[in-house]
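Take a look at the structure below.
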Amino acid sequence: MFSVWVMSSESREEMFRRKREMEALSLVLEKLINDEPIDSMQGDKDTLPSKIRHQMIRLSDKMRGNEEQLIKDRDEIKGLISEIAHQLRNPLANMEGYLQLLEEGAGSRERESAYIDAIAVSERRIRFLTESFIKMARLESKVIQIKKESADLKKTLLRSILQVQGAAVEKKIDIRLQMDENLRIPHDANWLSEAVFNLLDNSIKYSSSSSYVDMKAEVNEMFAEISVTDSGMGIEQGEENLIFQRFYRGKKVTSQEGFGLGLYLAREIVLQHQGFMKVTRLKEGMKISIFLPA
C-alpha cells in the first residue's frame, strides 16, 4: 500500500512538472504570436519540452534579428534613392535651363556654343554618376566576383596612371611612381586598377596646379602596400574614416566639384580583395594606403 502511494505521488509530481513545461511552452508561443520579447528561461535542457522551449527562444531571436536587418536595409535603400535624386537634380536642372535658352534663341554663335558646352558638361556628370551607381550596386550586392591571379603589380598601377594622365597634365601635376620591378601579388588587375584610379583621381582633383602626387608600392612577407600621397587640401582631424562613407565629402572640399563616391568604391574593391585601407593626415595633403594580402 505504501509503495502504491509513493508511485502515485511520483506520478502526480511528474504530471505537474510536465504541465508546467507545457504551460511554459504555451507562454513562449503566445509571445511569438504577439511579437513580444521572450526572456531566456532557465531549466533542465535535457527534457524534450525544455529543448523545444530553448529552440523557440533562439528562433524568436533570429526572427527579430532578421526583421531588424530588413528595416535597416529598407532605410538604407530609401536613403540611397534620396541621395541619387539629389545628386542628379543639379545637372538635370542645368541641362533643362540651357536647352530652354537654346529654344528661345541664343542670340549669337558664341553664346550658343557656350550653352552646348555647358549641356555637355552636365551630360558627362550624369553619365559619371550613373556609371558609379551601377558599380556601387554591383559591388554591394556581390554580383561582381573578384578574380585574383598572380600578376605584375606595376602593370596594374601604370593602367591607373594612364587613366588620370590627361587631368594631371592639364593641372601640371607630376605623378611619381616608386616601386621595384617584377612585383607580383594575387589581385584582380581590372578592379584594383579601378580602386587605385579613384585614389589618384581624388588626389589630382583636390591638389593645386604645378604640384605632385607620389605613388609607392612595396611588398613584405604579409602585405603589399600601395600608397598615394599628395600635397592637396587634406582632411580635418576625425575625418579619417568618414571619407570612405558613401557620398561623404570632406569639410575642406565642399566648394569643389565632386560626389563623394570614389574613395567609397575604392574601399569596397579593396575589401573584396580581403584587404584594408588607411588614411594618414599630413601637414600638407594626406596619404592613403591600400594593404593587400601578399
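Note that the sequence shown covers residues 209 to 502 in the numbering used here.
All C-beta atoms, glycine included, are put in the ideal place defined by N, C-alpha and C.
Option in A425, K460, V487 with minimal Cα separation from N449: The count along the sequence shown starts at 1 and reaches residue 449 at position 241. N449 has its Cα closest to that of V487, out of A425, K460, V487.
Backbone CA spacing between Q445 and K495 [nearest angstrom]: The count along the sequence shown starts at 1 and reaches residue 445 at position 237. The count along the sequence shown starts at 1 and reaches residue 495 at position 287. Taking the CA atoms as reference points, Q445 sits about 14 Å from K495.
Among V421, S340, P501, R282, the one whose alpha carbon lies nearest that of P394: Numbered from its first residue, the sequence shown carries residue 394 at position 186. P394 has its Cα closest to that of P501, out of V421, S340, P501, R282.
Just to confirm my understanding: we take Q480, look at its own chain, exclude 5 residues before and 5 after, and list those with CB closer than 6 Å. What are they? Along the sequence shown, one-based indexing puts residue 480 at 272. Excluding sequence neighbours, Q480 sits near I354.
On a CA-only basis, which of S321, N428, K379, L365 is nearest A397? Give me that one, please. Reading the sequence shown from its first residue, position 189 is the one you call residue 397. Comparing Cα positions, the closest option is L365.
Supposed close pair D409, G470 - CB separation, criterion 8 Å: Within the sequence shown, the letter at position 201 stands for residue 409. Within the sequence shown, the letter at position 262 stands for residue 470. Right, their Cβ atoms sit about 6 Å apart.
What does DSSP give as the partner residues of A432 in its beta bridges? Along the sequence shown, one-based indexing puts residue 432 at 224. For A432, which the question treats as bridged, DSSP gives the partners V427, L500.
First and last residue of the alpha helix (DSSP H) that includes V487? Position 279 of the sequence shown holds residue 487. Unbroken run through V487 is the beta strand (DSSP E), 484 to 489; no alpha helix (DSSP H).
K270 (DSSP reduced to helix, strand or coil): Working through the sequence shown from its first residue, we reach residue 270 at position 62. Looking at K270 - three-state DSSP - the assignment turns out to be helix.
What three-state label does DSSP hand Q386 in the structure shown? The count along the sequence shown starts at 1 and reaches residue 386 at position 178. If DSSP states are grouped into helix, strand and coil, Q386 belongs with the strands.
H481 by DSSP, collapsed to three states: which one? Locating residue 481 in the sequence shown gives position 273, counting from the first residue. Looking at H481 - three-state DSSP - the assignment turns out to be coil, as it is neither helix nor strand.
Quick check for students: name the residue ranges of the alpha helix (DSSP H) that lie wholly in the region 313 to 373, counting only runs of 4 or more. 317 to 348
Buried or exposed for H402, going by 16 or more other Cβ atoms inside 10 Å? Here residue 402 refers to the residue found at position 194 when the sequence shown is read from its first residue. Checking the sequence shown, residue 402 turns out to be Glu, not His. Classification of E402: buried, given that the 10 Å Cβ count is 16 or more.
Give a yes or no on contact between the region 413 to 422 and the region 374 to 384, applying the rule of three or more CB pairs nearer than 8 Å. These segments touch.
Tell me, to the nearest whole angstrom, how far the beta carbon of S435 is from that of F405; I am working on the premise that it is less than 8 Å. Here residue 435 corresponds to residue number 227 of the sequence shown, with the count starting at 1. Here residue 405 corresponds to residue number 197 of the sequence shown, with the count starting at 1. Their Cβ separation, rounded to whole angstroms, is 15 Å, which puts S435 and F405 out of contact at 8 Å.
So I412 is in the beta strand (DSSP E); what residue range does that whole segment cover? Here residue 412 is taken as the residue at index 204 of the sequence shown, counted from 1. Taken as a continuous stretch (DSSP letters only), I412 belongs to no beta strand (DSSP E), being part of the alpha helix (DSSP H) at 397 to 413.
Flag K259 as yes if its beta-carbon sits less than 8 Å from any beta-carbon of chain C, otherwise no. Absent from the structure: chain C. Only one protein chain is present.
C-beta contact flag for I327 and L296 at 8 Å: Mapped onto the sequence shown, residue 327 falls at position 119. Mapped onto the sequence shown, residue 296 falls at position 88. No, the Cβ-Cβ distance between I327 and L296 is not below 8 Å.
Which of helix, strand or coil DSSP assigns to M230: Within the sequence shown, numbered from 1, the residue matching residue 230 stands at position 22. Helix, per DSSP.
Coarse secondary structure for K495, derived from DSSP in three states: Working through the sequence shown from its first residue, we reach residue 495 at position 287. Residue state, collapsed to three classes: strand.
Kindly indicate which three-state DSSP category R392 falls into: helix, strand or coil? Residue numbering aside, residue 392 sits at position 184 when the sequence shown is read from its first letter. Three-state result, R392: strand.
Where R454 and M303 are concerned, what is the direct C-alpha to C-alpha distance, given to the nearest angstrom? For the purposes of this step, residue 454 is taken as residue 246 along the sequence shown, with counting starting at 1. For the purposes of this step, residue 303 is taken as residue 95 along the sequence shown, with counting starting at 1. So the alpha carbons of these two residues sit roughly 26 Å apart.
DSSP puts V421 in a beta bridge; with which residues? Looking up residue 421 in the sequence shown gives position 213. Looking at the DSSP assignment, V421 forms a beta bridge with I383, D438.
Helix, strand or coil, according to DSSP, for Q445 in the structure here? Taking the sequence shown and counting its residues from 1, one reaches residue 445 at position 237. Q445 falls in the coil class under three-state DSSP.
Can you say whether I342 is buried or exposed, counting buried as having 16 or more other CB atoms within 10 angstroms of its CB? The count along the sequence shown starts at 1 and reaches residue 342 at position 134. Exposed: under 16 other Cβ atoms inside 10 Å.
Determine the closest residue to M387 out of E433, L347, N274, with distance taken between C-alpha atoms. For the purposes of this step, residue 387 is identified with residue 179 of the sequence shown, where counting begins at 1. Nearest option by C-alpha distance: E433.
Rounded to a whole number of angstroms, what is the C-alpha to C-alpha distance between N390 and E275? Position 182 of the sequence shown holds residue 390. Position 67 of the sequence shown holds residue 275. Their backbone Cα atoms lie some 50 Å apart in a straight line.
Classification of S211 by the beta-carbon crowding that lies within 10 angstroms, buried from 16 upward: Here residue 211 refers to the residue found at position 3 of the sequence shown. The predicted model places S211 with a pLDDT of 46, which falls under 50 and marks its position as unreliable; any figure quoted below should be read in that light. Exposed, because fewer than 16 other Cβ atoms sit within 10 Å of the Cβ of S211.
Alpha-carbon to alpha-carbon, I412 and N298: Counted from its first residue, the sequence shown places residue 298 at position 90. Counted from its first residue, the sequence shown places residue 412 at position 204. Rounded to the nearest angstrom, the two C-alpha atoms are 24 Å apart.
Excluding the five sequence neighbours on either side, which residues of its own chain have a C-beta within less than 6 Å of the C-beta of R333, listed in chain order? As a position in the sequence shown, residue 333 is number 125, starting the count at 1. The answer, listed in chain order, is P299.
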